[in-house]
Amino acid sequence: MSLSCFRLQTIPTIRSISHRLNLSHFNSRVRSCSGRNMTQAEMAKMVNGSNCCSSKVVINDPKLLSQKKTAIRLAGPSKFQVIADFDNTLTKFWVDGCRGQSSHALLQQENPEYNAKRDELFNYYHPIEYDPEIPIDEKTKLMEEWWGKTHGLLIEGGLTYDAIKNSVAGALIAFREGVVELFEFLEERDVPILIFSAGLADIIEEVLRQKLHRTFKNVKIVSNRMKFDQDGNLISFTGKLIHSLNKNEHALDMAASLHDHLGEVDDHMIDSDSVKKRTNVLLLGDHMGDLRMSDGLNYETRISVGFLNHNIENSLDNYRKGYDIVYLDDAPMSGVVKLVSELFSSASD
Numbered sequence: 001m002s003l004s005c006f007r008l009q010t011i012p013t014i015r016s017i018s019h020r021l022n023l024s025h026f027n028s029r030v031r032s033c034s035g036r037n038m039t040q041a042e043m044a045k046m047v048n049g050s051n052c053c054s055s056k057v058v059i060n061d062p063k064l065l066s067q068k069k070t071a072i073r074l075a076g077p078s079k080f081q082v083i084a085d086f087d088n089t090l091t092k093f094w095v096d097g098c099r100g101q102s103s104h105a106l107l108q109q110e111n112p113e114y115n116a117k118r119d120e121l122f123n124y125y126h127p128i129e130y131d132p133e134i135p136i137d138e139k140t141k142l143m144e145e146w147w148g149k150t151h152g153l154l155i156e157g158g159l160t161y162d163a164i165k166n167s168v169a170g171a172l173i174a175f176r177e178g179v180v181e182l183f184e185f186l187e188e189r190d191v192p193i194l195i196f197s198a199g200l201a202d203i204i205e206e207v208l209r210q211k212l213h214r215t216f217k218n219v220k221i222v223s224n225r226m227k228f229d230q231d232g233n234l235i236s237f238t239g240k241l242i243h244s245l246n247k248n249e250h251a252l253d254m255a256a257s258l259h260d261h262l263g264e265v266d267d268h269m270i271d272s273d274s275v276k277k278r279t280n281v282l283l284l285g286d287h288m289g290d291l292r293m294s295d296g297l298n299y300e301t302r303i304s305v306g307f308l309n310h311n312i313e314n315s316l317d318n319y320r321k322g323y324d325i326v327y328l329d330d331a332p333m334s335g336v337v338k339l340v341s342e343l344f345s346s347a348s349d
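Each residue of the sequence shown is one higher than the one before, counting from 1 in our numbering.
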């Protein structure tokens, strides 16, 4: 394993605001930069006997899924919305044989002292985030405390927008194949895509700009929003704090508008009231906790799609029980593109 690849895998574990991966799973991958948990043959053998369409997709209840697809198709695109996690859902888990960086982990301040301070916060609060013994009310307060302190360090440390752009430019992060096609298909049908993240909206927007080289009018990022002065210096955060335990449709009321760096852009297509009237949902996630992203929406029909990127053998049973469709081993987005094309075959539907 090359030294550069080793660094890319290990550094993000402490650069994260809220790294959602289990650390034991992450550390098991540091041994090999290009390996995978399972071969294709092993996966096929492991899912043998389950209701699956191929070695890379598992459908727990095909009949129920068919019923949901029919209900959504009959209601039409005007009643439909997509709720998507960002890291390891829209983005790849593996990039060029190495563990890809998350949007949270890639941020590097110009002052390395403040990177170290954020590392210290991560090391203290991250175990609390996943501790099942801590009551949810207490944990929520601690998460608010963690995020608040982290945001304070970003301001105090003099974060600039140039640092965000440089961090993204040097990051090992990439979108799954098919994401652009999915966004274009939904944009043509005026279907909103809500990207929910407990991280930083400005970083996610910069990743979209640099990696996709375009924007989409139907995409709204529901995340923590930075405010910069005219010189590009971070001066504050706007809206209420969004952390790992309130990353759901309640956060729509807390989210600031999508903007293009220092200026606002028109996002008339997406507002919280109109989105809440769209009661049919396609939910995309890579973590069991992502199933909560639709909490707060009184939906009629929801199709949930989970991307199980690693630790497949130990996690598949839980994922297939939670998600309607599970894609295995860092699969492309092409299966989701096919799904939405089955729901709405033409832009006039």
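Glycine included, every Cβ here is placed at the ideal spot set by N, Cα and C.
Of G199, T215, A198, S197, the smallest CA-CA separation from V179 is found for T215. DSSP assignment within the stretch 157 to 244 yields the following whole alpha helix (DSSP H) runs of 4 residues or more, N-terminal first: 161 to 169, 179 to 188, 201 to 212.
Shown here, G100 sits in coil according to DSSP, grouped into three states, outside any helix or strand. In the three-state reduction of the DSSP assignment, N280 falls in the strand class, which pools E and B. The continuous beta strand (DSSP E) containing T301 extends over residues 301 to 308. Counting along the chain, no alpha helix (DSSP H) covers Q108, and no H or E run does either.
Scanning its chain for C-beta atoms nearer than 8 Å, with the 5 sequence neighbours on each side dropped, one finds around S315 the residues L308, in chain order. Under a 10 Å Cβ-count criterion, G170 is classified as exposed, with fewer than 16 other Cβ atoms of the shown protein chains found around its own Cβ. A straight line joining the alpha-carbon of E156 with that of G199 spans about 18 Å. Judged by beta-carbon spacing, Q101 lies within the 9 Å limit of I173, meaning their Cβ atoms are closer than that value. Taking all protein chains in view, the Cβ of T70 is surrounded by fewer than 16 other Cβ atoms within 10 Å, so the residue is classified as exposed.
Taking the Cα of H310 as reference, the smallest distance to any Cα among P135, R278, D330 is reached at D330.
In the DSSP annotation of this structure, the continuous segment of the beta strand (DSSP E) that includes I83 starts and ends at 80 to 85. Going by DSSP, L328 is part of the beta strand (DSSP E) stretching over 325 to 328. Per DSSP, W146 has no beta bridge partner at all.
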